[in-house]
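Colleague:
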Amino acid sequence: MAEWLYEDGIGEARAALVDAGRILKGRIERPHLGPRAGAVVAARYAALWPGGRGGSFTLSDGGEAYVEQLPRSLSPGLPARLEITRQDSPLAGRHAKRLKARIVPPETPLTDGPSLAEAIAATPWPVRRLRAVDADALEEAGWSELLEEARTGQVDFPGGRLTIELTEALTVIDVDGGGDPDKLAVAGARAAAEAIERLDLAGSIAIDLPTASGKAARLAAAEAFDAAMLSKFERTAINGFGLLHVVMRKRRPSLIELIQGEPARSEALALYRRAEREPLPGAIVFTASHET
């Protein structure tokens, strides 16, 4: 039976849904990224977006959130309470997904929102909390390999490879490999679904599959994708060019956003995790470098 493995580590909490020694879902939570999805926070309306009905709000901690639909009665400077609907992303530049929120009634109680530990406890699978002195069950399930997939955006599967890239509008998953295109489309669709779950991807996702020979082959690939998904999603049919569009509610940064958005921090935290488990006496000194 699948179970969550959970660690409350230095600088981040980690969780993986593991079945038969294999990671099905991966999650990381870093406290410094600000309010979590589901948090209710105090804010003040700052400014209207040019040409739209949305606007920006200044939070009590100095951060900024964006609301897409504003009541007409709201004026700059007025207080408001916001429910965070999407946590901030550590990615800088044009691929960043900023903090999003919606306005809630002013009497709504302030709350931090569910933590990673609370979120996984609310799922159907049991949770096993890990300690640094225990056997490293997370690593045995492939945690380092999962982080490497997030760092490179490349995921190998039997007969092919996925290349995952973040763009301004969506996440693109390209399926490449050899052999029969129909079989590769099925294997690639299954691998793409598994990567979406393992890397905690969400939002708008485009999957570029090999061009299949006909409708039956495309249907088989779509069914393979559906069978491998654990989360709620909506999708289109696979078109004649092999394109599959998937939409999932995005509430937090994916592992790719976390690892690629904060590469130095990610490497440092991985070393902290390793240092916690090294069976060596006395102080441990470690050195890390990051290539940009």
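Numbering (this note's numbering), first residue to last: 18 to 309.
Even for Gly, the Cβ is constructed at its ideal location relative to N, Cα and C.
Taking the Cβ atom as the reference point for each residue, do GLY170 and ILE45 lie within a distance shorter than 8 Å?
Modeller: No.
Colleague: Hey, would you say ALA32 sits closer than 8 Å to TYR23, going by beta carbons?
Modeller: Yes, Cβ-Cβ distance for ALA32 and TYR23 is below 8 Å.
Colleague: Which residues in the same chain have their Cβ closer than 7 Å to the Cβ of ALA317, if we skip the five residues on either side of it in sequence?
Modeller: The structure shown does not extend to residue 317, since the chain is modelled only from 18 to 309, so the question has no answer here.
Colleague: Give the secondary structure of ALA63 by DSSP, where H, G and I count as helix, E and B as strand, and everything else as coil.
Modeller: Here ALA63 sits in strand by DSSP.
Colleague: Beta-carbon within less than 6 Å of VAL144's beta-carbon, same chain only, minus the 5 sequence neighbours each way: which residues are those?
Modeller: Within the same chain, VAL144 has close Cβ partners TRP21, TYR23, ILE137 and ALA138.
Colleague: Given PRO123, which residues of its chain have a CB within under 8 Å of its CB, disregarding the five upstream and five downstream residues?
Modeller: These residues qualify, in order along the chain: PRO96, ALA97 and ARG98.
Colleague: I want to know whether the segment 219-229 touches the segment 190-197 - three or more CB-CB distances under 8 Å.
Modeller: Yes, since at least three Cβ pairs between the segment 219-229 and the segment 190-197 fall closer than 8 Å, the two stretches touch.
Colleague: Let's test the definition: count the other Cβ atoms within 10 Å of the Cβ of SER248 and tell me whether it reaches 16, buried, or not, exposed.
Modeller: By the 10 Å Cβ count, SER248 comes out exposed.
Colleague: Quick one, are the C-beta atoms of ALA82 and LEU50 less than 8 Å apart?
Modeller: Against a cut-off of 8 Å, the Cβ pair of LEU50 and ALA82 comes out as no contact.
Colleague: Count the C-beta pairs between the segment 253-263 and the segment 148-159 that are closer than 8 Å, then say yes if the count reaches three, no if not.
Modeller: Cβ pair count under 8 Å is below three, so no.
Colleague: Comparing alpha-carbon positions, which option in ALA245, SER106 and ALA300 lies nearest ALA210?
Modeller: Taking only the C-alpha atoms, the option nearest ALA210 is ALA245.
Colleague: Can you grab the Cα-Cα spacing for the pair ALA186 / ARG266, in whole Å?
Modeller: Approximately 14 Å between the Cα atoms of the pair.
Colleague: In whole angstroms, what is the alpha-carbon distance linking GLU135 and GLU214?
Modeller: Going by the C-alpha atoms only, they are around 19 Å apart.
Colleague: Name the DSSP bridge partner or partners of PHE74?
Modeller: TYR62 and ALA82.
Colleague: Answer with buried or exposed for ARG119, where buried requires no fewer than 16 other C-beta atoms within 10 angstroms of its C-beta.
Modeller: ARG119 is exposed by the Cβ-count criterion.
Colleague: Closest to LEU218 by CA distance: which of ARG268, TYR289, TRP66 and GLU165 is it?
Modeller: Checking every option, the nearest Cα to that of LEU218 belongs to ARG268.
Colleague: Would you decide whether TRP66 is buried or exposed? Buried here means 16 or more other CB atoms lie within 10 Å of its CB.
Modeller: Its Cβ having fewer than 16 others within 10 Å, TRP66 is exposed.
Colleague: Classify GLU166: buried if its beta carbon has 16 or more other beta carbons within 10 angstroms, exposed otherwise.
Modeller: GLU166 comes out buried.
Colleague: Apart from the five residues on each side of it in sequence, which residues of its chain come closer than 6 Å, Cβ to Cβ, to GLY220?
Modeller: If we look at GLY220 and ignore the five residues flanking it on each side, its Cβ neighbours are LYS267.
Colleague: Identify every run of the alpha helix (DSSP H) within the segment 171-219, keeping only runs that are complete inside it and at least 4 residues long; order them along the chain.
Modeller: With a minimum length of 4 residues, the continuous alpha helix (DSSP H) runs that stay inside the segment 171-219 are 198-215.
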